[in-house]
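Novice: One line per chain: the protein sequences are A and B, in this order. When you number the first sequence by the numbering used here, it's gap-free, plus one each residue, and the end is 109. When you number the second sequence by the numbering used here, it's gap-free, plus one each residue, and the end is 1109.
Number of protein chains: 2
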Amino acid sequence: MEALAALADPTRREIVALLAGGEVAAGELAAHFPVSRPAVSRHLRVLREAGLVRVRAEGQRRLYVLDPRPLSDLDAWLAPYRWLWAQRLDALDTEIARGRRARPTGEDR
Amino acid sequence: MEALAALADPTRREIVALLAGGEVAAGELAAHFPVSRPAVSRHLRVLREAGLVRVRAEGQRRLYVLDPRPLSDLDAWLAPYRWLWAQRLDALDTEIARGRRARPTGEDR
DNA sequence: CAGTTACGTAAGCTCTTTGTTACACATCCT
DNA sequence: AGGATGTGTAACAAAGAGCTTACGTAACTG
């Protein structure tokens, strides 16, 4: 579940989203973000070490591809919890609807 | 997706797992971990702020419950990627191994 | 072959995170 | 009332994450 730490960062999640369409070069990815290119390079390294992406050199460019396996693992990790929102969600909502505010922090309505 | 940051920590994931069975008191949770009780208290705070758990006071103890909604959100976030490992896993591996490009993303040259 | 292009790495800084010990309360039990 | 029990918060040290600038290097270009 090292992938979770990698995906905790919003920039990295966006990189993953960009890669969902197919191979993208490092520089092209970097162009999508307000941070410096080395910063993106570092994010790519984290994603690489988490197994979420792979690189392929084409000339002087590095083409990144998404490797779905860690996402699949995450999906598997999530599996045992699925029944919770299949049944319990309504129960919680009902409780809230009755005015039993369990959450102290103001929430949207 | 603040839940991802909360779930990035292994201790917190284990807490979530422990809570999958139902309500558990803070002290009982803390007993499962090698870290100090205040440390666990802090983890619980992070989980609370991420909306993953709720607390209920019963006498002097605080009973924690899992709130599945952020997990459901995570499941929803994961959804667009599911087709990747449903069909493409093997294909991607093969493609990468052969060094072919999966999909030209508006590159010039 | 020299210059440009595309990347990654190194060094350094700052803000967070995680853990610890010490402390403050509220609640339960004689 | 007074002590034990169960928890959260405060203060602080250590480690980590993320960003920036500067630099090194391989590959195209002319």
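For glycine and all other residues, C-beta sits at the position ideal for the given N, C-alpha and C.
1. Is DSSP giving residue 58 of chain A helix, strand or coil here?
2. Less than 8 Å between the CB atoms is what I'm expecting for residue 1068 of chain B and residue 81 of chain A, so what's the real figure, rounded?
3. In three-state terms, what does DSSP make of residue 1040 of chain B?
4. Taking the alpha carbon of residue 1032 of chain B as the reference point, which residue from B/1050, B/1045, B/1066 and B/1012 has its own alpha carbon closest?
5. On the three-pair Cβ rule with 8 Å, is the region 1010–1029 of chain B touching the region 18–26 of chain A?
6. Grab me the residues of residue 65 of chain A's own chain with a C-beta within less than 6 Å of its C-beta, minus the 5 sequence neighbours each way, in chain order.
7. Just to confirm my understanding: we take residue 1057 of chain B, look at its own chain, exclude 5 residues before and 5 after, and list those with CB closer than 8 Å. What are they?
8. Less than 7 Å separating the Cβ of residue 1015 of chain B from some heavy atom of the ligand FMN?
Specialist: The relevant details are as follows:
1. The residue you call residue 58 of chain A lines up with position 58 of the first sequence. If DSSP states are grouped into helix, strand and coil, residue 58 of chain A belongs with the strands.
2. Here residue 1068 of chain B is taken as the residue at index 68 of the second sequence, counted from 1. Here residue 81 of chain A is taken as the residue at index 81 of the first sequence, counted from 1. Contact holds; Cβ gap of about 6 Å.
3. Locating residue 1040 of chain B in the second sequence gives position 40, where the first residue counts as 1. Note: residue 1040 of chain B maps to helix in three-state DSSP.
4. Counting from one through the second sequence, the residue named residue 1032 of chain B turns up at place 32. Of the listed residues, the one whose Cα sits closest to residue 1032 of chain B is B/1012.
5. no
6. Residue 65 of chain A sits at position 65 when you count from the first residue of the first sequence. Here the set comprises 23 and 54.
7. Taking the second sequence and counting its residues from 1, the one referred to as residue 1057 of chain B is at position 57. Counting only Cβ-Cβ distances below 8 Å, and skipping sequence neighbours, we find 1063.
8. Absent from the structure shown: the ligand FMN. Ligands present: none.
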